[in-house]
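> Just dropping this structure here.
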Amino acid sequence: MNIRGTTQLAGVLGWPVHHSRSPLMHNYWLEKFAIDGAYIPLPVAPEHFAESLRCLSRLGFVGANVTVPHKGAALAVVDHLDDTARRVGAVNTITVDDSGELYGSNTDGMGFMSNIALAAPTWRPTAAPAALVGAGGAARAVVVALLDAGVPELRLINRSRERAEAVAQDLGDPRLKTIEWVEREGALSEATLMVNTTSAGLEGNEPLDLSLSALPTEALVADLSYDPLLTPLLESAKVRGNPIVDGLGMLIHQAIPGFTAWFGVEPTATAALRDLLERDLASSTVR
Ligand code: NDP
Numbered sequence: 012m013n014i015r016g017t018t019q020l021a022g023v024l025g026w027p028v029h030h031s032r033s034p035l036m037h038n039y040w041l042e043k044f045a046i047d048g049a050y051i052p053l054p055v056a057p058e059h060f061a062e063s064l065r066c067l068s069r070l071g072f073v074g075a076n077v078t079v080p081h082k083g084a085a086l087a088v089v090d091h092l093d094d095t096a097r098r099v100g101a102v103n104t105i106t107v108d109d110s111g112e113l114y115g116s117n118t119d120g121m122g123f124m125s126n127i128a129l130a131a132p133t134w135r136p137t138a139a140p141a142a143l144v145g146a147g148g149a150a151r152a153v154v155v156a157l158l159d160a161g162v163p164e165l166r167l168i169n170r171s172r173e174r175a176e177a178v179a180q181d182l183g184d185p186r187l188k189t190i191e192w193v194e195r196e197g198a199l200s201e202a203t204l205m206v207n208t209t210s211a212g213l214e215g216n217e218p219l220d221l222s223l224s225a226l227p228t229e230a231l232v233a234d235l236s237y238d239p240l241l242t243p244l245l246e247s248a249k250v251r252g253n254p255i256v257d258g259l260g261m262l263i264h265q266a267i268p269g270f271t272a273w274f275g276v277e278p279t280a281t282a283a284l285r286d287l288l289e290r291d292l293a294s295s296t297v298r
């Protein structure tokens, strides 16, 4: 990478941010397309987030991604919000326009759906109920995307009931049914998609405490976590013959709109990029 006075800058604001694979991915694309740009990690503590985000345009950045724990806070800082970010209640991608105004969007749900469309092209969202575990920021993005894709019923399962109910109340869609944690296993019956959006199963966390016994064996099982790539949930789904989708594809797809807006070239999710990220995950001691 050769950084000059003309180099266009983008980055990711998070706290911590050292675990983010976004710099690896965006800099791979910048190099591939020979673009005079750079994408850098920006470790920003919550108390400095609003001020730092506002400074992006003054520092000449073309845009940024926002990751944990700032996605919700970014809503109140940007000058313009797209409809998806407003409904999800979180921003993950910010574009700076020529006058320095910040445009916030949320591409997580779109990244999830694009990845599913490629990984499981025969799955039809409108065919049968789907079940989703978790009610955090990532869950909200996937819930909105699945409802928009036309799922007839979405069973929302979360350990703490209040959080699931808050999602259902905020979105106000009658297809969204909250499920008690003790009822979680039965809620998988007849589903053709089961998504884990919790952080259970991430390296260093306990596995998700959920038996798949009621889930049809043809149902697609997706996990948003990608470290490890084959989470304990995906491993048990694979053993019983369910088709599985890991979280790495979503990570790649959610990044495409931001890169396109900032640098004017639309990248694709290639096997070479996935391979690079997989190798990085396998060799990394940074979590
Ligand atoms: P949040 O902290 O907002 O939410 C975490 C969720 O996990 C909550 O619903 C919480 O339940 C649940 N949870 C945590 N531990 C357990 C457990 N042991 N058993 C059951 N439920 C549990 O996190 P995010 O929504 O921001 O992120 C969730 C995951 O999604 C992370 O692993 C993240 O890396 C991944 N992600 C992946 C992306 C991708 O591109 N692939 C994009 C965004 C996120 P409760 O409410 O009861 O505490």
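Be aware that the sequence shown starts at 12, since it is given in our numbering, and climbs by one per residue.
C-beta: ideal position from N, C-alpha, C; glycine also.
(1) Buried or exposed: L129, going by 16 or more other Cβ atoms within 10 Å of its Cβ?
(2) Along the beta strand (DSSP E) that carries F123, what are the first and last residues, could you check?
(3) Can you give me the C-alpha to C-alpha distance between A141 and L165, rounded to a whole angstrom?
(4) Select from T279, G83, V256 the residue whose C-alpha is nearest the C-alpha of P267.
(5) Is D286 close to the ligand NDP? I mean its beta-carbon at under 7 Å from any heavy atom of the ligand.
(6) Where do the ends of the alpha helix (DSSP H) carrying T271 lie?
(7) For H37, which residues does DSSP report across the bridge?
(8) How far does the beta strand (DSSP E) with K188 in it reach, from first residue to last?
(9) Hey, which unbroken runs of the beta strand (DSSP E) at 3 residues or more fall wholly within the segment 149-225?
(10) With three or more beta-carbon pairs closer than 8 Å as the criterion, would you say the segment 233-243 touches the segment 212-221?
(11) Going by the CB atoms, is the gap between W192 and R174 shorter than 8 Å?
(12) Closer than 7 Å by C-beta to W40: which residues in its own chain qualify, once you throw out the five before and the five after it? Chain order, please.
(13) Suppose contacts are defined by Cβ-Cβ distances below 8 Å. Is H81 in contact with G145 by that definition?
(14) From the DSSP output, in three-state form, read off D109 for me.
(15) So is the beta-carbon of T209 under 7 Å away from any non-hydrogen atom of the ligand NDP?
(16) For the ligand NDP, is there any heavy atom lying closer than 7 Å to the beta carbon of V79?
(17) Report yes if the CB atom of F72 is closer than 8 Å to the CB atom of L35, and no otherwise.
(18) Cutting at 7 Å between CB atoms, please list the residues of its own chain near A248, excluding the five before and the five after it.
(19) Evaluate the contact criterion for the segment 38-55 versus the segment 87-97: three or more CB pairs, one atom per stretch, below 8 Å.
(20) With a threshold of 7 Å, establish whether the CB of R174 neighbours any heavy atom of the ligand NDP.
Here's the rundown:
(1) Classification of L129: exposed, given that the 10 Å Cβ count is below 16.
(2) In the DSSP assignment, F123 falls outside any beta strand (DSSP E) and within the unbroken alpha helix (DSSP H) covering 119-130.
(3) Between the C-alpha atoms of A141 and L165 there is a straight-line separation of about 5 Å.
(4) Checking the displayed sequence, the identity of residue 267 turns out to be Ile instead of Pro. It is T279.
(5) Taken from the Cβ of D286, every heavy atom of the ligand NDP lies 7 Å or farther away.
(6) Residues 259-274.
(7) Here H37 is not bridged, per DSSP, to any residue.
(8) From DSSP, the beta strand (DSSP E) with K188 extends over 187-190.
(9) List check, beta strand (DSSP E) in window: 165-168, 187-190, 204-207.
(10) Proximity of the segment 233-243 to the segment 212-221 meets the contact definition, three or more beta-carbon pairs being nearer than 8 Å.
(11) No; because the gap between Cβ atoms is not below 8 Å, this pair is not in contact.
(12) Result list for W40: F270, P278, in chain order.
(13) Against a cut-off of 8 Å, the Cβ pair of G145 and H81 comes out as no contact.
(14) DSSP places D109 in coil when its eight states are reduced to three.
(15) It does: the Cβ of T209 is within 7 Å (strictly closer) of some heavy atom of the ligand NDP.
(16) Short note on V79: C-beta closer than 7 Å to some heavy atom of the ligand NDP.
(17) Between F72 and L35, the C-beta gap is not smaller than 8 Å, which leaves the two residues out of contact.
(18) Excluding residues within five positions, the ones whose Cβ falls inside 7 Å are L223, V232, I255.
(19) With a cut-off of 8 Å, the segment 87-97 and the segment 38-55 do not count as touching, because too few Cβ pairs lie within range.
(20) Yes, the beta carbon of R174 sits closer than 7 Å to at least one heavy atom of the ligand NDP.
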